[in-house]
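Here's the structure we're looking at; comments come further down.
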């Protein structure tokens with residue numbers, strides 16, 4: 460690990476000011492990903508700004524009068540506290556399931572909500588500084604493109620990068636139409652949809668999201684959920700002990716009798732960002748909630764996938780995972 464300057468921020472504005480003043484500075488919250496990257500010499504920050512003592516760790520109900528309330532997750536809230544909070548367990552069970560599927564208890568006790576969104580890919584070519592990787596060193600090439608690409612993207616990739624985003628939590632948040640709140644040095648706050656926040660690799664895979672340097676995530680806003688009664692997070696992985704997803708699916712159904720009045724499906728392990736399965740959602744709205752319709756929607760979604768030599772199995776796996784998540788969402792709580 461290389462030498463770096465350490466600063467403990469005492470206020471949110473001071474943290475943002477420190478961050479904005481040095482393009483090679485990084486925020487330190489839980490540190491569960493950043494410190495690993497520094498040890499592997501992938502990240503080489505000149506300065507770390509410690510924000511762990513700032514008072515931004517609550518889960519708050521957002522009042523909407525007589526209507527259902529949404530929820531605000533403060534950025535510094537721990538993953539474990541978020542997953543086990545009564546509001547999340549009761550109103551957003553797929554989010555609780557996704558967080559609990561994502562890491563060991565020790566990591567969840569350290570990792571923060573904001574940091575979870577900012578974690579970087581676990582692509583082995585990204586972690587190995589002896590290998591070419593456009594995400595780590597722009598212009599060096601993509602070792603995974605013609606390499607061992609079993610874990611890699613089948614949607615939205617470019618010839619510059621085929622890595623996938625590793626977060627489980629972010630997949631559920633994408634399905635729940637969450638928004639990311641970010642503040643800059645001028646005190647301006649942006650509210651970004653997940654589609655606006657995350658990005659596909661294109662010609663600049665070194666950019667994981669559309670934050671500007673100096674922007675700091677302050678929270679994650681969840682709208683009122685209509686999917687609490689019928690939702691599920693399914694994760695398929697090589698081993699059950701906290702491996703990253705080969706394919707994961709967050710699914711939520713709103714039913715009017717047997718008919719699907721609304722549906723959300725998002726996937727992990729298949730793209731550079733959490734992947735909303737919009738084709739499957741469109742097919743299912745207004746249809747009856749049946750196994751046959753779930754399978755047809757899953758097949759239609761995966762028809763657009765473009766696999767590589769070693770991850771062709773993700774097509775069938777994706778179909779099965781979508782159908783499984785929707786079936787389990789239908790039967791959730793019964």
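Residue numbers (this note's numbering): 460 to 793.
Here a beta-carbon is modelled for each residue, glycine too, at the ideal position from N, C-alpha and C.
DSSP puts residue i in a beta bridge; with which residues?
i	result
residue 747	718
residue 571	537
residue 784	Partner(s): none; residue 784 has no beta bridge.
residue 519	531
residue 638	652 and 680
residue 691	710
residue 466	508
residue 734	726
residue 699	Answer is none; residue 699 lacks a bridge partner.
residue 672	674
residue 592	601
residue 799	Any property of residue 799 remains undetermined from this structure, which presents the chain solely from 460 to 793.
residue 485	507
residue 657	668
Taking the alpha carbon of residue i as the reference point, which residue from the options has its own alpha carbon closest?
i	options	result
residue 567	504, 600 and 488	488
residue 706	663, 770 and 593	770
residue 554	719, 711, 762 and 753	711
residue 686	663, 664, 720 and 701	720
residue 741	659, 724, 570 and 646	724
residue 570	491, 766 and 478	491
residue 761	749, 751, 669 and 729	729
residue 574	606, 483 and 626	626
residue 667	749, 593 and 507	593
residue 496	534, 650, 585 and 528	585
residue 702	776, 559 and 615	559
residue 674	464, 469, 463 and 485	485
residue 691	628, 676 and 649	628
residue 642	632, 583 and 676	676
residue 773	699, 639 and 694	694
residue 539	563, 521, 550 and 522	563
residue 475	718, 648 and 665	648
residue 606	470, 583 and 614	583
Would residue i and residue j be called neighbours here (beta carbons separated by less than 7 Å)?
i	j	result
residue 709	residue 634	yes
residue 519	residue 460	no
residue 731	residue 660	yes
residue 727	residue 630	yes
residue 541	residue 572	yes
residue 756	residue 743	yes
residue 468	residue 672	no
residue 689	residue 789	yes
Is the beta carbon of residue i within less than 6 Å of some heavy atom of the ligand HEM?
i	result
residue 755	In the structure shown, the ligand HEM is absent, as is every other ligand, since no ligand is present at all.
Tell me the rounded alpha-carbon separation between residue i and residue j.
i	j	result
residue 505	residue 696	36 Å
residue 516	residue 532	8 Å
residue 466	residue 655	30 Å
residue 791	residue 588	44 Å
residue 557	residue 763	25 Å
residue 716	residue 552	21 Å
residue 590	residue 530	42 Å
residue 746	residue 787	17 Å
residue 525	residue 472	In this prediction, residue 525 scores a pLDDT of 49, lower than 50, which makes its location untrustworthy; the coordinate-derived value is nonetheless stated afterwards. In a straight line, the C-alpha of residue 525 is about 35 Å away from that of residue 472.
residue 636	residue 722	11 Å
residue 610	residue 645	40 Å
residue 652	residue 535	19 Å
residue 507	residue 565	22 Å
residue 608	residue 503	26 Å
residue 669	residue 759	29 Å
residue 662	residue 617	7 Å
residue 462	residue 493	14 Å
residue 749	residue 657	32 Å
residue 479	residue 700	38 Å
residue 528	residue 550	10 Å
residue 765	residue 477	42 Å
residue 598	residue 714	49 Å
residue 500	residue 664	19 Å
residue 698	residue 704	10 Å
residue 638	residue 464	32 Å
residue 614	residue 632	19 Å
Does the pairing of the segment 496-511 with the segment 537-552 give three or more beta-carbon distances under 8 Å?
no
Does the segment 610-630 come close enough to the segment 579-595 to have 3 or more Cβ pairs within less than 8 Å?
yes
Decide if the segment 681-694 is in contact with the segment 593-606; the criterion is three or more beta carbon pairs, one per stretch, under 8 Å apart.
These segments do not touch.
Do the segment 724-737 and the segment 774-787 make contact, defined as three or more Cβ pairs closer than 8 Å?
yes
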